[in-house]
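Student: Pasting a structure below so you can have a look.
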Amino acid sequence: MTAHETQATSPGSRKAGDTRGTLIRAAERLFAAKGVDGASLNEIKRAAGQRNAMALQYHFGDRAGLLRAVLDKHLPAVDARREALLQQYEDGGGDGDSGDVDRRSLAAALVLPAAAKLADPDGGREFLQIVAELLNRPEPLVEVVVTKGSSVYPWRRLLEPLLAPESVTVFHTRFTAMRFCHAELAARAAARPREDDRLFTSRLVDLVTALLAAPVSEQTARLLYERDRKGRPEQ
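Using the numbering used here, you'd call the opening residue of the sequence shown number 4 and step up by one each time.
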């Protein structure tokens, strides 16, 4: 065993890892129950059984660092699942020409990786509630959830050809789908666990597909045209 391996598995190293993990699990529970800004850092330390007043600051720096650690615990698995589904979509010839079939495949690529967290006993359900709060704030913290290298970026790219231009540039339908998806998953996660989430998840894919396919009505198009005209200088 190398010196590095000995250090990495030393009692002190294991204790530090245990402390960090305990703090993350406490943060998951309290962020989900009280909101990311509603749970105090002192509450989290007490829930983690930490008497050391500086333990949280030592491991995470501040609230943002702790939140980052919670998200980083779960997002890699979600991204890996989504990347696999997107690769299947591309390998199967998904190119935007199949309309509803392609939209449902991409809706599934949004929903299913996150929905798998409903069955994750190690904070998965709390993670879903936290993400929904971050995305559904009046000022969404998108950059906290969708970081560099996120699987959301290729998902957005593959979906764009299937949407009306106004849905992409004006109404941000892809983000609306994300917010709706995570709001529904959070509500499910906050309720009592079910033995089987397959029916719920399949129906959520249906609903996200319908949202992505929603046309821009004549009334909406007219209101958009009137708004744009008012915003332009007189010709």
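Even for Gly, the Cβ is constructed at its ideal location relative to N, Cα and C.
Keep in mind that this is a model prediction, so the values were computed, not measured.
Whether or not the region 193-210 and the region 221-236 are in contact is what I'm after, with contact meaning three or more pairs of Cβ atoms, one per stretch, closer than 8 Å; do they touch?
Tutor: With contact defined as three or more Cβ pairs closer than 8 Å, the region 221-236 and the region 193-210 are not in contact.
Student: I need the boundaries of the alpha helix (DSSP H) containing Arg232, first residue and last residue.
Tutor: Along the sequence shown, one-based indexing puts residue 232 at 229. Note, Arg232: alpha helix (DSSP H), Glu221 to Lys233.
Student: According to the Cβ coordinates, are Leu188 and Leu115 closer than 8 Å?
Tutor: Position 185 of the sequence shown holds residue 188. Position 112 of the sequence shown holds residue 115. Not in contact: Leu188 and Leu115 (Cβ atoms no closer than 8 Å).
Student: State whether the region 135-148 contacts the region 178-186, with contact taken as three or more CB pairs (one from each stretch) at a distance under 8 Å.
Tutor: The way I'd put it, the region 135-148 does touch the region 178-186; three or more beta-carbon pairs between them come closer than 8 Å.
Student: Using CA coordinates, which residue listed in Arg32, Ala50, Gly68 and Val173 is at the minimum distance from Leu226?
Tutor: Along the sequence shown, one-based indexing puts residue 226 at 223. Among Arg32, Ala50, Gly68 and Val173, the Cα nearest to that of Leu226 is on Val173.
Student: Less than 7 Å between C-beta atoms, sequence neighbours within five positions excluded: which residues of the same chain meet that for Ala1?
Tutor: An answer regarding residue 1 cannot be provided, because it is not within the stretch 4 to 238 covered by the chain.
Student: Determine whether the beta carbon atoms of Val145 and Val134 lie at a separation below 8 Å.
Tutor: Translated into positions along the sequence shown, residue 145 becomes position 142. Translated into positions along the sequence shown, residue 134 becomes position 131. Cβ atoms of Val145 and Val134: not closer than 8 Å.
Student: Excluding sequence positions up to five away, which residues of its chain have a Cβ less than 6 Å from the Cβ of Ala35?
Tutor: The sequence position of residue 35 within the sequence shown is 32, counting from 1. The answer, listed in chain order, is Glu129, Gln132 and Ile133.
Student: Cβ of Tyr61 within 8 Å of Cβ of Leu161?
Tutor: For the purposes of this step, residue 61 is taken as residue 58 along the sequence shown, with counting starting at 1. For the purposes of this step, residue 161 is taken as residue 158 along the sequence shown, with counting starting at 1. Result no, Cβ atoms of Tyr61 and Leu161 do not sit closer than 8 Å.
Student: Would you kindly work out how many angstroms separate the C-alpha atoms of Ala190 and Gly126, rounded to a whole number?
Tutor: To locate residue 190, count along the sequence shown from 1; it is residue 187. To locate residue 126, count along the sequence shown from 1; it is residue 123. Cα to Cα, the separation comes out at about 15 Å.
Student: Mark Ala83 as exposed unless 16 or more other C-beta atoms lie within 10 angstroms of its C-beta, in which case mark it buried.
Tutor: Start at 1 with the first residue of the sequence shown, and residue 83 comes out as number 80. Burial call: exposed.
Student: Any heavy atom of the ligand FMN closer than 7 Å to the CB of Ala58?
Tutor: In terms of ligand content, the structure shown is empty, and the ligand FMN therefore cannot be addressed.
Student: Rounding to the nearest angstrom, what Cα-Cα distance links Tyr156 and Phe178 in this structure?
Tutor: Here residue 156 refers to the residue found at position 153 of the sequence shown. Here residue 178 refers to the residue found at position 175 of the sequence shown. Spanning the two alpha carbons is a distance of roughly 11 Å.
Student: Kindly give me the distance between the Cβ atoms of Ala110 and Val219, rounded to whole angstroms, as I take these residues to be in contact under 8 Å.
Tutor: Taking the sequence shown and counting its residues from 1, the one referred to as residue 110 is at position 107. Taking the sequence shown and counting its residues from 1, the one referred to as residue 219 is at position 216. The pair is not a contact, with the Cβ atoms about 19 Å apart (cut-off 8 Å).
Student: Whose C-alpha, out of Arg49, Gly52 and Leu89, is nearest the C-alpha of Arg107?
Tutor: The residue you call residue 107 lines up with position 104 of the sequence shown. Nearest option by C-alpha distance: Leu89.
Student: Excluding sequence positions up to five away, which residues of its chain have a Cβ less than 6 Å from the Cβ of Ala167?
Tutor: As a position in the sequence shown, residue 167 is number 164, starting the count at 1. Same-chain partners within the cutoff: Val219.
Student: Can you tell me whether Ala224 is buried or exposed? The criterion is at least 16 other CB atoms within 10 Å of its CB, across all chains shown.
Tutor: Reading the sequence shown from its first residue, position 221 is the one you call residue 224. With fewer than 16 other Cβ atoms within 10 Å, it is exposed.
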